Amino acid sequence: MEYSASPLMKPEEFRLIREFTAERFGLVIDLGKEGYLAARLFPRLQELRLGSFAEYYSYLKFAPRSTEEHAHYISLITNNETYFFREMAQLSTFAELVLPELKARKIAAADKRLRILSVGCSSGEEVYTLAMLLLQSGLFAWEWDLRITGIDIDPQVLAKAEAGVYTGRAFQSTPPLFIDRYFRECEQGFQVRDQLRKICNFSRGNMLCLPGDLDSEPADIIFCRNVLIYFDEGNIKRVIDNFAAMLAPEGLLFLGHAESLSRITSQFIPLLFPGAIVYRKKP
Ligand SMILES: C[S@@+](CC[C@H](N)C(=O)[O-])C[C@H]1O[C@@H](n2cnc3c(N)ncnc32)[C@H](O)[C@@H]1O
């Protein structure tokens, strides 16, 4: 790709693209980030041979193939930071306290299906972490129908999740036991083993528009961590309403440690665990 310094983004161009991004994807681009946005978008302008950010905005919004461009755009602006076993205290709560209680509830209801969603799953580390914890718990060994679905808006990270090959930083918090048991070494790094793959799948979706055409089985648990920090209050409310509609009665919601539902909704009851808050949908 030919390189040249990106031109300045005019205030009006920034306003239009910023508003479009919040309205369409829920994401808030901080004020004053014109330079950052210009640098991210300029190579794409060059590829498309567009002369200004205003032209790019029109292309994003009105071009016949604008939906295809949304996928490019979102890959350029999202923060996809993630790694296995992120926020361990919360994951311990999930594995040691939540799963046994959920199993007891499911058995009482003669229901041996478990459905977990990871929304904003990025390149899949959260999905595979939950799968490892489920299998490692030994609680759902026989005749259980398990499915963990990762959803993200960015097709590039989803392709990585499907490939399931990871290196270095992705493992920064992974206990070695889990690497030995659930990965096999390959030329490019470490690949998730089939026992994890079998219970995981990935799907492209915009959390503002869920459930969309997703399989509409109610979810027992939704993880949505480190995503809503990039959303404004109106869109957080919209997403939480979607989650409430997708969860089974008494279904559980895990948010990132910097995210909270206080002042957002009264549809959930916060459950306080050591090192973690989990939200239960009101019956
Ligand atoms: C910082 S990552 C969080 C990954 C993982 N949940 C974790 O905590 O490690 C945020 C992810 O949310 C996704 N995302 C942002 N807006 C979204 C939207 N409207 N719908 C679905 N995914 C979205 C981004 O593409 C990105 O991969």
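In our numbering, the protein residues as written are 7 to 289.
Every residue gets a Cβ at the ideal spot worked out from N, C-alpha and C, and that includes glycine.
This structure is a prediction, so every number in the text was calculated from the model and none was measured.
Review point. Quick one: what does DSSP say residue 239 is sitting in, helix, strand or coil?
Key: In the three-state DSSP reduction, residue 239 falls in the helix class (H, G or I).
Exercise for review: Select from 225, 81 and 239 the residue whose C-alpha is nearest the C-alpha of residue 249.
Suggested key: Measuring from the Cα of residue 249, the nearest candidate turns out to be 225.
Review point. If you follow the alpha helix (DSSP H) that residue 132 is part of, which residue opens it and which one closes it?
Key: If you look at residue 132, you'll find it in the alpha helix (DSSP H) that goes 131-143.
Check your understanding: Are the region 161-181 and the region 78-90 touching by the rule of at least three beta carbon pairs closer than 8 Å?
Key -> They touch, by the three-pair rule.
**Study point:** Near ligand 1: residue 206 beta-carbon under 7 Å from a heavy atom
**Key:** It does not: the Cβ of residue 206 is nowhere closer than 7 Å to a heavy atom of ligand 1.
Point to revise | Short Cβ contact (8 Å threshold) for residue 80 with residue 127 | key: Going by beta carbons, residue 80 and residue 127 fall outside the 8 Å limit.
Check your understanding: Would you report the Cα separation of residue 206 and residue 242, rounded to the nearest angstrom?
Key -> Their Cα atoms are separated by approximately 26 Å.
Review point. Just reading off the alpha helix (DSSP H) that residue 288 is part of, what are its end residues?
Key: Here residue 288 belongs to no alpha helix (DSSP H), and DSSP marks it neither H nor E.
Check your understanding: Who are the near neighbours of residue 202 in its chain, counting only those whose CB is closer than 7 Å to its CB and skipping five residues on each side?
Key -> 134, 137, 138 and 188.
Check your understanding: What are the uninterrupted segments assigned as alpha helix (DSSP H) that are 4 or more residues long and contained completely in the region 64-110, given in chain order?
Key -> The DSSP assignment places complete alpha helix (DSSP H) segments of no fewer than 4 residues inside the region 64-110 at 72-83 and 94-98, in order along the chain.
Review point. Taking the Cβ atom as the reference point for each residue, do residue 31 and residue 44 lie within a distance shorter than 8 Å?
Key: No, Cβ-Cβ distance for residue 31 and residue 44 is not below 8 Å.
Check your understanding: Which of helix, strand or coil does DSSP assign to residue 48?
Key -> DSSP places residue 48 in helix when its eight states are reduced to three.
Exercise for review: Return the chain-ordered ranges of every beta strand (DSSP E) run that is complete within the region 213-276 and spans a minimum of 3 residues.
Suggested key: The region 213-276 contains these whole beta strand (DSSP E) runs: 225-230 and 253-261.
Check your understanding: Comparing alpha-carbon positions, which option in 217, 222 and 261 lies nearest residue 233?
Key -> Nearest to residue 233 by C-alpha distance, out of 217, 222 and 261, is 261.
Point to revise | Best match in 284, 69 and 172 for proximity to residue 99 [C-alpha to C-alpha] | key: Minimum Cα distance to residue 99 is reached at 284.
Check your understanding: Once you ignore the five residues that flank residue 26 on each side, which residues in its own chain have a CB closer than 8 Å to its CB?
Key -> Same-chain partners within the cutoff: 63, 66 and 67.
Check your understanding: Thinking just about the alpha-carbon of each residue, which of 102, 252, 85 and 160 is nearest to the one in residue 143?
Key -> Nearest to residue 143 by alpha-carbon distance, out of 102, 252, 85 and 160, is 102.
Practice item. Could you spell out the range, first to last residue, of the alpha helix (DSSP H) harbouring residue 29? Key: If you look at residue 29, you'll find it in the alpha helix (DSSP H) that goes 17-31.
Review point. Does DSSP put residue 57 in a helix, in a strand, or in coil?
Key: Three-state result, residue 57: coil.
Review point. Taking the alpha-carbon positions, what's the residue 28 to residue 35 distance?
Key: Spanning the two alpha carbons is a distance of roughly 8 Å.
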